[in-house]
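Undergrad: Residue numbers (this note's numbering): 7 to 436.
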């Protein structure tokens, strides 16, 4: 355990010093090898490349590119028009439209900040114009923007599957009901808040039959995206990586059909995708050598042996896991959190009899909730930027949704059937 204490003390010291996560992992690994004499330093670049040499991880940059293409393809406006047509007459309708649109758009783009920016830029001004309190308008947008990282396809799930070596399609299936449950919790919270805050009924427009048909037809190509991707994966037509490539082609065709792409737009999309993919790739490469050191020093096995007697029940383990990951998600990127913590924490859960697929759901949903949990949630700052509202207003508005999300987290942790029922049905039908 002395090696573990040395390694993690060094890593957190570098984090506190403000060194980026990827470089902290690389420097920490190199210093550990140098001072312990475990291996020559040539092993560092070798294991960095080994950390990236994974076919499932190829899906990550492709899904990032697909998400950026969908964001620029004019998808958000078409989805909002369709949802407004369907539920626009309900009291507090704009809030429900925001939740559903964020869930659908986020599931396609896989980016919480992009979802907040795309949907929030349209919905937050509309809600404030309809006399919604600014705190409610910003709070529901900041929280709902994270839904896309829960509902598959999700980059966090791909990283977890590749890191822990579990089936990515099964993880996708397992996260469907948790994502819908989280969206339902947000809508229920919104309903209670609209009554408490006495939000006036929205002034909704009436649609003619011809307009309804046109709105539906414009949205259908966008709605086909999850059907093509998830249907192809679950039907065994292609792997998640191949599905990501299909999604990129579909997004390009969609953007051309909507006449949203120019040479400048495509250049911006490619540049943004390369920047994001490079950032994730550096973290994954650094995590490759870090994870190899953990395995070589048998640190996960030693920690399992030390902590299993203390965390002697699944109940205690899951409670501490939820609280710990929620705190980590507030201050650390989800990708880095997964590749650093999953190899350490998941074996403890497996030793206690927790299903690794269920653990994947708990792991990823916890980290995603950190996107909108004060004080450092990334969605909070994106919402402040898009809405122009003060940070304090956004935090005040998001807190009821954070409480709702934490309740859902504990339900998911202690009722594994929510995550596993669809997986078992898929296995039974295979």
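In this text, a Cβ means the ideal position worked out from N, Cα and C, and glycines have one as well.
Assign residue 42 to buried or exposed, taking buried as 16 or more other Cβ atoms, counted over all protein chains shown, within 10 Å of its Cβ.
TA: As a working note, residue 42 is residue 36 in the chain shown. Looking at its Cβ environment, which holds fewer than 16 other Cβ atoms inside 10 Å, residue 42 is exposed.
Undergrad: In three-state terms, what does DSSP make of residue 175?
TA: Your numbering for residue 175 matches position 169 in the chain shown. DSSP places residue 175 in helix when its eight states are reduced to three.
Undergrad: Between the alpha carbons of residue 212 and residue 228, how many angstroms are there, rounded?
TA: Indexing the chain shown from 1 puts residue 212 at position 206. Indexing the chain shown from 1 puts residue 228 at position 222. Near 23 Å, if we compare the C-alpha coordinates of residue 228 and residue 212.
Undergrad: Express the C-alpha separation of residue 410 and residue 450 in angstroms, rounding to a whole number.
TA: Outside the displayed span of the chain (7 to 436) sits residue 450, for which this structure offers no information.
Undergrad: Decide if residue 223 is buried, meaning its Cβ has at least 16 other Cβ atoms within 10 Å, or exposed.
TA: Position 217 of the chain shown, counted from the first residue, corresponds to residue 223. Exposed, because fewer than 16 other Cβ atoms sit within 10 Å of the Cβ of residue 223.
Undergrad: CB residue 184 to CB residue 343, shorter than 8 Å?
TA: For the purposes of this step, residue 184 is taken as the residue at position 178 of the chain shown. For the purposes of this step, residue 343 is taken as the residue at position 337 of the chain shown. Against a cut-off of 8 Å, the Cβ pair of residue 343 and residue 184 comes out as no contact.
Undergrad: Can you give me the start and stop residues for the alpha helix (DSSP H) that residue 406 sits inside?
TA: Within the chain shown, the letter at position 400 stands for residue 406. 397-420 is the span of the alpha helix (DSSP H), which, as asked, contains residue 406.
Undergrad: So, for residue 182: in the same chain, excluding its five sequence neighbours on each side, which residues have a beta-carbon less than 8 Å away from its beta-carbon?
TA: What you label residue 182 is simply residue 176 of the chain shown in a count that begins at 1. Closer than 8 Å at Cβ, skipping near neighbours: 157, 158 and 428.
Undergrad: Please report the straight-line C-alpha distance between residue 300 and residue 180, rounded to a whole angstrom.
TA: To locate residue 300, count along the chain shown from 1; it is residue 294. To locate residue 180, count along the chain shown from 1; it is residue 174. Each residue's alpha carbon lies about 28 Å from the other.
Undergrad: Taking residue 29 and residue 166 to be in contact with their CB atoms under 8 Å, please state how far apart those CB atoms are, rounded to whole angstroms.
TA: Residue mapping note: residue 29 aligns to position 23 of the chain shown, counting from 1. Residue mapping note: residue 166 aligns to position 160 of the chain shown, counting from 1. No, residue 29 and residue 166 are not in contact; Cβ-Cβ is about 23 Å, not under 8 Å.
Undergrad: So for residue 200, helix, strand or coil by DSSP?
TA: Against the chain shown, residue 200 aligns to sequence position 194. Reduced to three states, the DSSP call for residue 200 is helix.
Undergrad: Let me check understanding here. Comparing Cα to Cα, which of 364, 335 and 345 lies closest to residue 382?
TA: On the chain shown, residue 382 is found 376 positions in, with the first residue counted as 1. For the residues 364, 335 and 345, the minimum Cα distance to residue 382 belongs to 335.
Undergrad: Does residue 430 come out as helix, strand or coil in the three-state DSSP assignment?
TA: In the chain shown, residue 430 corresponds to position 424, counting from 1. Reduced to three states, the DSSP call for residue 430 is helix.
Undergrad: Since residue 97 is in the alpha helix (DSSP H), which residue starts that stretch and which ends it?
TA: Within the chain shown, numbered from 1, the residue matching residue 97 stands at position 91. Premise fails: residue 97 is in no alpha helix (DSSP H) and is neither H nor E.
Undergrad: Using only CA atoms, which one of 375, 256, 201 and 395 lies nearest to residue 330?
TA: Residue 330 sits at position 324 when you count from the first residue of the chain shown. For residue 330, the nearest C-alpha among the options comes from 375.
Undergrad: To the nearest angstrom, how far is the alpha carbon of residue 49 from that of residue 363?
TA: Mapped onto the chain shown, residue 49 falls at position 43. Mapped onto the chain shown, residue 363 falls at position 357. One C-alpha to the other measures close to 32 Å.
Undergrad: With 16 other CB atoms within 10 Å as the buried threshold, where does residue 19 fall?
TA: Here residue 19 refers to the residue found at position 13 of the chain shown. Counting Cβ neighbours within 10 Å, residue 19 comes out exposed, since fewer than 16 surround it.
Undergrad: Which one of 106, 24, 79 and 81 has the shortest CA to CA distance from residue 92?
TA: By one-based count along the chain shown, residue 92 stands at place 86. Of the candidates 106, 24, 79 and 81, the one whose C-alpha sits nearest the C-alpha of residue 92 is 106.
Undergrad: If you compare alpha carbons, which of 32, 349, 206 and 285 is closest to residue 137?
TA: Counted from its first residue, the chain shown places residue 137 at position 131. Measuring from the Cα of residue 137, the nearest candidate turns out to be 206.
Undergrad: Please classify residue 327 as buried or exposed, where buried requires at least 16 neighbouring CB atoms within 10 angstroms.
TA: Position 321 of the chain shown, counted from the start, is the residue given in the question as residue 327. Burial call: buried.
Undergrad: Alpha carbon to alpha carbon, what distance is there between residue 160 and residue 243?
TA: The residue given as residue 243 occupies position 237 in the chain shown. The residue given as residue 160 occupies position 154 in the chain shown. Using only the alpha carbons, I get a separation of about 19 Å.
Undergrad: Using only CA atoms, which one of 247, 144 and 112 lies nearest to residue 61?
TA: As a working note, residue 61 is residue 55 in the chain shown. When each option's Cα is compared against that of residue 61, the closest is 247.
Undergrad: Please state whether DSSP places residue 360 in a helix, a strand or coil.
TA: Sequence index remark: in the chain shown, residue 360 carries index 354 (1-based). Residue 360: coil per DSSP, three-state reduction.
Undergrad: Which residue comes first and which comes last in the alpha helix (DSSP H) that contains residue 389?
TA: Mapped onto the chain shown, residue 389 falls at position 383. Looking at the DSSP string, the run of the alpha helix (DSSP H) that includes residue 389 is 384-393.
Undergrad: What first and last residue would you give for the alpha helix (DSSP H) that runs through residue 145?
TA: In the chain shown, the residue the question calls residue 145 occupies position 139. That run of the alpha helix (DSSP H) goes 140-150.
Undergrad: If we call anything under 8 Å between Cβ atoms a contact, is residue 145 one with residue 404?
TA: Reading the chain shown from its first residue, position 139 is the one you call residue 145. Reading the chain shown from its first residue, position 398 is the one you call residue 404. Contact flag set, yes.
Undergrad: Checking 8 Å against the spacing of the C-beta atoms, do residue 128 and residue 65 come in under that value?
TA: Taking the chain shown and counting its residues from 1, the one referred to as residue 128 is at position 122. Taking the chain shown and counting its residues from 1, the one referred to as residue 65 is at position 59. Contact: no.
Undergrad: Going by C-alpha to C-alpha distance, which of 261, 59 and 141 sits closest to residue 394?
TA: Stepping through the chain shown from its first residue, residue 394 is reached at position 388. For the residues 261, 59 and 141, the minimum Cα distance to residue 394 belongs to 141.
Undergrad: Count the other CB atoms, across all protein chains shown, that sit within 10 Å of the CB of residue 89; report buried if there are 16 or more and exposed otherwise.
TA: Residue mapping note: residue 89 aligns to position 83 of the chain shown, counting from 1. Label assigned to residue 89: buried.
Undergrad: I believe residue 77 touches residue 124 by the beta-carbon criterion, under 8 Å. Please report the beta-carbon distance rounded to the nearest angstrom.
TA: Translated into positions along the chain shown, residue 77 becomes position 71. Translated into positions along the chain shown, residue 124 becomes position 118. Contact flag correct, Cβ pair sits at about 6 Å.
Undergrad: So the candidates are 34, 273, 385 and 40; which of them puts its Cα closest to the Cα of residue 71?
TA: In the chain shown, counting from the first residue as 1, residue 71 sits at position 65. Among 34, 273, 385 and 40, the Cα nearest to that of residue 71 is on 273.
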